[in-house]
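> I'd like to ask some things about the structure below.
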Amino acid sequence: FFNPQGFLTAMRQEVTRGHKGWALDQVVLNNEMTKYTKDDITSPPPEGVFVHGLFLDGAGWDRRNSRLVEPPPKVLFTPLPVIRIFAENTAPVTDGKVYECPIYKKPRRTDLTYIASVNLRHGAVSEEKWVMRGVALLCDIK
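For reference, each letter of the sequence shown is one residue, going 17 to 158 in this note's numbering.
Have a look at this one:
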C-alpha cells in the first residue's frame, strides 16, 4: 500500500462503473479471508483486489479455521494470509461472530494512519475481547 485510501477508492470506483445502477456513495467495502500466501496467487480476482503483507497486532490467526485466536507467547505481530477486498452495493450482513478490525499504516494508531476496516471471524469468543485488546491490522510493523 503506497496510497491505501486512494487505492481502495479507485477499486470501489472501478466496481461501481462495472455495475449498472450502482451509486458510488452507496458502495461499501467488504472482504474475504483466503488461505493463500502471496506466492499462491497467479491471477487477479474476478472483482476487487488481493491484499497481502498485513500484520495482526494483539491477536493470532488460525489459518485452518480462518479466525482470530490467542497469539502465541512472545509473538507481537502475526502475518495474515492474502485478503480479498471487494465492493458491494449493500452493507455486508454478519452473523455476529465478526470483529470489525481497523487497518493502520503504522503501529502508531491515529486518524492520520487509519485506512479502513475489515471483518475478521472470531469464533465463540465475544467481539468485546478483541476490542478491549486493541486488535488491529498494520501495513508496517517498524
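Using N, Cα and C, we set each Cβ at its ideal position, and we do this for glycine too.
1) Out of 126, 28, 137, 69, which has the shortest C-alpha to C-alpha gap to residue 41?
2) List the DSSP bridge partners of residue 78.
3) For residue 92, which residues of its own chain have a beta-carbon under 6 Å away from its beta-carbon, when the five flanking residues on both sides are left out?
4) Relative to the alpha-carbon of residue 118, which residue among 112, 94, 73, 141 has its alpha-carbon at the smallest distance?
5) Anyone know if the C-beta pair for residue 115 and residue 84 falls short of 8 Å?
6) Nearest to residue 79 by alpha carbon, out of 100, 55, 105, 49?
7) Please go through the same chain and pick out, in chain order, the residues whose beta-carbon is closer than 6 Å to the beta-carbon of residue 161, but skip the five residues on each side of it.
8) Which value, in whole angstroms, describes the spacing of the CA atoms of residue 156 and residue 97?
9) State the start and end residues of the unbroken beta strand (DSSP E) segment that holds residue 104.
10) Run through DSSP, which three-state label would residue 125 get?
11) Just tell me which of 126, 106, 139, 124 has its CA closest to the CA of residue 112.
12) Between which two residues does the beta strand (DSSP E) holding residue 94 run?
13) Mapping the DSSP letters down to three states, classify residue 143 as helix, strand or coil.
14) In three-state DSSP terms, what is residue 116?
15) Using CA coordinates, which residue listed in 77, 46, 68 is at the minimum distance from residue 56?
Considering the structure as presented:
1) Within the sequence shown, residue 41 is the residue found at index 25, counting from 1. Among 126, 28, 137, 69, the Cα nearest to that of residue 41 belongs to 28.
2) Counting from 1 along the sequence shown, the entry for residue 78 is found at position 62. According to DSSP, which records beta bridges pairwise, residue 78 is partnered with 83.
3) The residue labelled residue 92 in the question sits at position 76 within the sequence shown. Answer for residue 92: no residue qualifies.
4) Here residue 118 refers to the residue found at position 102 of the sequence shown. Considering only alpha carbons, the answer is 73.
5) Counting from one through the sequence shown, the residue named residue 115 turns up at place 99. Counting from one through the sequence shown, the residue named residue 84 turns up at place 68. Closer than 8 Å, so yes.
6) By 1-based counting over the sequence shown, the position of residue 79 is 63. Checking every option, the nearest Cα to that of residue 79 belongs to 49.
7) Residue coverage of the chain in this structure runs from 17 to 158, which leaves residue 161 outside it and unanswerable.
8) Counting from one through the sequence shown, the residue named residue 156 turns up at place 140. Counting from one through the sequence shown, the residue named residue 97 turns up at place 81. So the alpha carbons of these two residues sit roughly 15 Å apart.
9) Locating residue 104 in the sequence shown gives position 88, where the first residue counts as 1. From DSSP, the beta strand (DSSP E) with residue 104 extends over 99 to 104.
10) Sequence index remark: in the sequence shown, residue 125 carries index 109 (1-based). Note: residue 125 maps to coil in three-state DSSP.
11) Against the sequence shown, residue 112 aligns to sequence position 96. Comparing Cα-Cα distances from residue 112 to each of 126, 106, 139, 124, the minimum goes to 139.
12) Sequence index remark: in the sequence shown, residue 94 carries index 78 (1-based). Taken as a continuous stretch (DSSP letters only), the beta strand (DSSP E) holding residue 94 covers 93 to 95.
13) Taking the first residue of the sequence shown as position 1, residue 143 is located at position 127. Three-state DSSP puts residue 143 in a helix.
14) Sequence index remark: in the sequence shown, residue 116 carries index 100 (1-based). Residue 116: strand per DSSP, three-state reduction.
15) Along the sequence shown, read from residue 1 onward, the residue named residue 56 stands at position 40. With distances taken between Cα atoms, residue 56 lies closest to 68.
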